[in-house]
Amino acid sequence: MPAYLVRLAQIHESFRKAELHALAEVAGVEIEIVEYDDDSPYCIVNLPSDAAAKAIASRAMLVQGIYELWGQGTTYDELRAHVKDTTSAKWPTYEHCTFNFRIERYRGVQATPEYTHTTVDSFRFLGFKGKWQFKNPDASFRIFEDHLLDAKQPHRLYLGRWIADSGRDAKNKYDLKKRHYISTTSMDAELALLTANIALAAPGKLFYDPFMGTGGFPLACAHYGAIVTGSDIDGRAIRGTGGSARRGQTGPKNVRMNFEQYGTASQYLGGFASDLTNTPLRLDAHAPWLDGIVCDPPYGIREGLKVLGSRDLTTPEEKAVHAKNYQVEGYVPPKRPYSFTALLDDILAFAVLALVPGGRLSMWMPTANDADVELIIPSHPSLELRSVCVQAFNKWSRRLLTYRKRRASEVNEEAVRALEERRREYEQGTRASDLNDFRRKYFEGFREFEDMKKEFIRMKVGAGIRQEEASAEADLLEETQASAREKVDAAKQQVQAATKTEESAAAKAEELNERFKVESSI
13 MPAYLVRLAQ IHESFRKAEL HALAEVAGVE IEIVEYDDDS PYCIVNLPSD AAAKAIASRA
73 MLVQGIYELW GQGTTYDELR AHVKDTTSAK WPTYEHCTFN FRIERYRGVQ ATPEYTHTTV
133 DSFRFLGFKG KWQFKNPDAS FRIFEDHLLD AKQPHRLYLG RWIADSGRDA KNKYDLKKRH
193 YISTTSMDAE LALLTANIAL AAPGKLFYDP FMGTGGFPLA CAHYGAIVTG SDIDGRAIRG
253 TGGSARRGQT GPKNVRMNFE QYGTASQYLG GFASDLTNTP LRLDAHAPWL DGIVCDPPYG
313 IREGLKVLGS RDLTTPEEKA VHAKNYQVEG YVPPKRPYSF TALLDDILAF AVLALVPGGR
373 LSMWMPTAND ADVELIIPSH PSLELRSVCV QAFNKWSRRL LTYRKRRASE VNEEAVRALE
433 ERRREYEQGT RASDLNDFRR KYFEGFREFE DMKKEFIRMK VGAGIRQEEA SAEADLLEET
493 QASAREKVDA AKQQVQAATK TEESAAAKAE ELNERFKVES SI
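For the sequence shown, my numbering begins at 13 and goes up steadily by one.
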């Protein structure tokens, strides 16, 4: 297959390969990633044709453009030699076409006009006799220079013929600042569109979001042609308000208005109030009906996770009150605390029953930054984990997990039965933090890390270090775990010298070292 150079956006690096593979599957083409590095925006792939490259680029969020690869090298002499060896048969095709050349530098200063003219002129051997045309030429060529930081010369060079730009403009169209109806938990537009891509949203498919909120994911899936619906435990989020969600705007603000804003209202089936454990949707493993599920389940940070129901058994009188009032406008059904771990298991179990074979589940989940994050990724014998993409924050991260529904012939039935028995053994707890380990870490563990910093600063000052210097070192400790280990080791030595009691000082510093090691990994 021909080689193509993909110019990637240098953002959300762990999502880029997953998106390329997903878009190739949507387009029905084969893709082979030949050369890829998270630290570089240049990726070499093999694709069957220019049409396949255009199909992938047309809806990609993390691609800036795709180019037919004409050559590569570590120096310009090597690049020109490679171009002569591999593409000479293509030159006659463009001999009389209008054309242009451009130079793009990554991590390098902008090329001067003189440098550009000299560099482009060195490719005169291509024998192009057509007219130079700045806008809309028949063929546009790009010279890519990949520089290391502070390096005067590029360490990698590429020459490519432009094939297609990407669909990244969609993130500006769906920017939350321009959307009529949003909330504090609305997903970033770029990440929502990226999730829809990885979940294979496309025309003729039906997608569902069980934690719909203001409809960010269904909007993204509808942008790519899917028919969408959703639900939320709080129906008020779907129904919206009669007030203005944006200054200067009047009338109702709700999820449907967002679809009308983007011209996809005909693809929106509507939303309804429900939680995943009490869904009114038909679930039959022998009659699945969903092509995709995309969701960002609540993490239980702002408030504990809840599902419909009562924490305690209600009396007949209480049941009668709810039975009488549930149709009254403004009625809020009772809710009870719920385990985040159980919620993840419920999402997978729902996907197994609702997804057609080959359907996708793409869900976000939080995790502390520790060394064993892979161990907490939920699994199900009927679901194949296709990709794990990480979005890192300061002290925690979240992951986009994408699963494929296995065909019946691929499923281990004994493993399914064993899982069904285990998932009934939910954790025992009545408070939100008892049931949600991530919530507890978020509020207790992360706050305790700040106490560690204060203790570290106190010890440093006690060892004769100025307050400002100790604070600066404590900030460095927070940035990386490796930095924390080095600085605490240094603190240990200074405390030992200052106190002149090696045994007690070493024990104290070692205790602090272990506490920092644990907390900085969260």
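No residue lacks a Cβ here, since even glycine has one placed at the ideal position from N, Cα and C.
Query raised in the report: Going by Cα to Cα distance, which pick from Glu25, Ala65, Asp246 is closest to Asp49?
Result: Looking at the Cα atoms, Glu25 is the closest of the given residues.
Query raised in the report: Skipping 5 residues on each side, what residues in its chain have a beta carbon closer than 7 Å to that of Cys55?
Result: Closer than 7 Å at the Cβ level, and outside the excluded window around Cys55, lie Val18, Leu20, Ile45, Glu47, Tyr48.
Query raised in the report: In chain order, what residues of the same chain lie with their CB nearer than 8 Å to the CB of Asn266, ignoring the 5 residues before and after it?
Result: If we look at Asn266 and ignore the five residues flanking it on each side, its Cβ neighbours are Tyr193, Ile250, Arg251, Gly252, Thr253.
Report task. List the endpoints of the continuous beta strand (DSSP E) containing Leu281. Result -> Secondary structure note for Leu281: its beta strand (DSSP E) is the uninterrupted segment 280 to 285.
Query raised in the report: Which full runs of the beta strand (DSSP E) of 3+ residues lie inside the segment 361 to 420, going along the chain?
Result: Counting whole runs of 3 or more residues, the segment 361 to 420 contains the beta strand (DSSP E) stretches 367 to 380, 395 to 404, 408 to 417.
Requested in this report: Output the distance between the C-alpha atoms of Thr226 and Val423, rounded to the nearest integer angstrom.
Outcome: One C-alpha to the other measures close to 36 Å.
Query - Burial state of Phe405, where buried means 16 or more other Cβ atoms lie within 10 Å - result: Answer is exposed; the Cβ neighbour count stays below 16.
Query raised in the report: The alpha helix (DSSP H) with Phe229 in it runs from where to where?
Result: Start and end: 228 to 235.
Report task. Just mark Ser421 as buried or exposed, buried being the case when its beta carbon has 16 or more other beta carbons within 10 Å. Result -> Ser421 comes out exposed.
Query raised in the report: Could you give the distance in angstroms between the alpha-carbon of Ser495 and the alpha-carbon of His159?
Result: With a pLDDT of only 48 at Ser495, under 50, the local geometry of the prediction cannot be trusted, and the value read off the model is given with reservation. Separation of Ser495 and His159 (C-alpha to C-alpha, rounded to the nearest whole angstrom) is 28 Å.
**Report entry** Best match in Glu90, Pro215, Tyr236 for proximity to Tyr170 [C-alpha to C-alpha]
**Finding:** The residue from Glu90, Pro215, Tyr236 with its alpha-carbon nearest to that of Tyr170 is Glu90.
Query raised in the report: Which residues bound the alpha helix (DSSP H) around Glu90?
Result: Residues 88 to 99.
Query raised in the report: Rounded to whole angstroms, how far is the Cβ of Leu288 from the Cβ of Phe219, which I believe are closer than 8 Å?
Result: Contact flag wrong, Cβ pair sits at about 16 Å.
Query raised in the report: At which residues does the alpha helix (DSSP H) containing Phe140 begin and terminate?
Result: Note, Phe140: premise wrong, no alpha helix (DSSP H); not H, not E.
Query raised in the report: With respect to the alpha helix (DSSP H) encompassing Tyr54, which residues constitute its N-terminal and C-terminal limits?
Result: Counting along the chain, Tyr54 falls outside any alpha helix (DSSP H), though it belongs to the beta strand (DSSP E) covering 54 to 58.
Query raised in the report: How far does the alpha helix (DSSP H) with Thr207 in it reach, from first residue to last?
Result: Secondary structure note for Thr207: its alpha helix (DSSP H) is the uninterrupted segment 201 to 210.
Query raised in the report: Can you tell me the Cα-Cα spacing of Thr291 and Pro393, whole angstroms?
Result: In this structure, the straight-line span from the alpha carbon of Thr291 to that of Pro393 is close to 23 Å.
Query raised in the report: Taking buried to mean at least 16 other C-beta atoms within 10 Å of its own C-beta, is Pro230 buried or exposed?
Result: Per the 10 Å Cβ criterion, buried.
**Report entry** Closest Cα partner of Val41 within the set Ser351, Arg114, Ala64, Ala297
**Finding:** Considering only alpha carbons, the answer is Ala64.
Query raised in the report: Distance, Cα to Cα, Ala69 vs Leu295?
Result: Their Cα atoms are separated by approximately 36 Å.
Query - Contact set for Ser243: own chain, Cβ-Cβ below 7 Å, skip 5 residues either direction - result: Closer than 7 Å at the Cβ level, and outside the excluded window around Ser243, lie Pro222, Met224, Gly283, Phe284, Ala285, Ser286.
Query raised in the report: Does DSSP classify Glu42 as helix, strand or coil?
Result: DSSP places Glu42 in the coil class of the three-state scheme, outside both helix and strand.
**Report entry** Boundaries (first-last residue) of the beta strand (DSSP E) holding Phe153
**Finding:** Per DSSP, Phe153 is one residue of the beta strand (DSSP E) stretching across 151 to 158.
Query - Delimiting residues of the alpha helix (DSSP H) encompassing Tyr127 - result: Tyr127: member of the alpha helix (DSSP H) spanning 125 to 133, first to last residue.
**Report entry** Reduced DSSP secondary structure (H/G/I, E/B, other) of Glu531
**Finding:** Caution applies to Glu531, whose pLDDT of 49 falls short of 50 and renders its modelled position unreliable; the value that the coordinates give is listed next. Reduced to three states, the DSSP call for Glu531 is helix.
Query raised in the report: Do you know offhand how far Gly441's Cα is from Leu355's?
Result: Note on Gly441: pLDDT 44, under 50, position unreliable in the model; the coordinate value appears next. Straight-line Cα distance between these residues: approximately 14 Å.
Query - Inter-stretch contact (C-beta, 8 Å, three-pair minimum) for the segment 173 to 181 and the segment 75 to 94 - result: They touch, by the three-pair rule.
Report task. Return the residue from the list Met199, Arg411, Val38, Tyr127 that minimises the CA-CA distance to Ala214. Result -> The shortest Cα separation from Ala214 among Met199, Arg411, Val38, Tyr127 belongs to Val38.
Query raised in the report: Can you tell me the Cα-Cα spacing of Pro378 and Phe352, whole angstroms?
Result: Looking at the two C-alpha atoms, the distance is approximately 10 Å.
Report task. Determine the DSSP secondary structure at Gln165, reduced to helix, strand or coil. Result -> Under the three-state reduction of DSSP, Gln165 is assigned to coil, being neither helix nor strand.
Query raised in the report: Whose C-beta lies closer than 7 Å to the C-beta of Phe370 among residues of the same chain, with five residues either side of it excluded?
Result: Here residue 370 turns out to be Gly, not Phe, going by the sequence shown. The beta carbon of Gly370 is closer than 7 Å to those of Arg416, Lys417 in its chain, skipping five residues each way along the sequence.
Query raised in the report: At which residues does the alpha helix (DSSP H) containing Gly247 begin and terminate?
Result: Residue range 247 to 251 is occupied by the alpha helix (DSSP H) that includes Gly247.
Query raised in the report: Beta carbon of Ala232, beta carbon of Leu188: below 8 Å?
Result: No, they are not a contact pair.
Query raised in the report: Touch check for the segment 105 to 120 and the segment 146 to 163: three-plus C-beta pairs under 8 Å?
Result: Output reads yes: the segment 146 to 163 touches the segment 105 to 120.
Report task. For Val364, collect the residues of the same chain with a Cβ closer than 8 Å to its Cβ; drop the 5 residues on either side in sequence, then sort them by chain order. Result -> The answer, listed in chain order, is Ala297, His392, Ser394, Leu395, Lys417.
Query raised in the report: DSSP three-state call for Asp244: helix, strand or coil?
Result: In this structure, Asp244 counts as strand in the three-state DSSP scheme.
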